[in-house]
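In terms of the numbering used here, the sequence shown has 35 at position 1, counting the first letter as 1, and numbering is strictly consecutive. For every residue, glycine included, the Cβ atom is placed at its ideal position computed from N, Cα and C.
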Amino acid sequence: MTARKPPAVVDPALATQSWLSVVRAYHLCDAVLTQRLAALGLKLGEHEVLVNLFREPGITQQQLAQRCFSAKSGVSMLVTRMEEDRLLRREADPVDARVRRLSLTTRGEALAAKALAIQAEVVQGMVAGASEAELVHIMEAMQRASVALVAMRGT
């Protein structure tokens with residue numbers, strides 16, 4: 035599949051409408067996911083931590099912070115609180131005792147599985163009616179937008 039070369043200048047009204055549709059979809063998805071996770075007593079940040087540790091047990095807190103959409107200080111506070119709630123544990127790395135590895139407890143794994151089921155339901159509902167080709171097109175467009183924004187940010 036060859037990538038199409040985007041036009042040098044895009045109609046500003048179309049660009050704004052496209053951007054607003056992405057922002058609106060993001061906010062609606064956030065609201066629905068927040069509402070459904072509340073039934074489990076979870077907030078979105080806690081969901082992020084649970085899902086990341088469910089998918090990749092044993093990562094460091096720094097790696098977790100890089101994967102989450104929250105600030106590093108926010109992740110640090112979440113990890114501390116979730117450890118107190120016995121949802122996760124920090125253990126010394128067997129090779130480097132200075133490094134602490136994070137993993138879910140049995141209780142955390144059960145909650146993560148429920149949270150992932152809610153996430154899957156929301157995502158499936160959000161993309162219902164879209165073809166795989168449309169989803170690939172959306173994904174590729176958002177990846178290009180992310181690359182452009184990272185370049186604009188300078189990091």
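Just to confirm before moving on: does the CB-CB distance between residue i and residue j stay below 8 Å?
i, j, result
"residue 125", "residue 137", "yes"
"residue 190", "residue 149", "The question about residue 190 has no answer here: the residues shown for the chain are numbered 35 through 189."
"residue 104", "residue 82", "yes"
"residue 141", "residue 95", "no"
"residue 112", "residue 143", "no"
"residue 66", "residue 156", "yes"
"residue 98", "residue 86", "yes"
"residue 71", "residue 78", "yes"
So the alpha helix (DSSP H) residue i belongs to, where does it begin and stop?
i, result
"residue 121", "First-last for residue 121: undefined, no H or E at that position."
"residue 180", "166–187"
Could you name the residues that DSSP lists as bridge partners for residue i?
i, result
"residue 138", "122"
Measure the beta-carbon distance from residue i to residue j and round it to whole angstroms, keeping in mind my assumption that it falls under 8 Å.
i, j, result
"residue 145", "residue 121", "6 Å"
"residue 181", "residue 169", "In fact, because the Cβ distance is near 19 Å, the residues do not count as touching under 8 Å."
What alpha helix (DSSP H) runs, 4 residues minimum, are completely inside the segment 56–112? If you keep only unbroken alpha helix (DSSP H) runs of at least 4 residues inside the segment 56–112, you get 78–89, 95–101.
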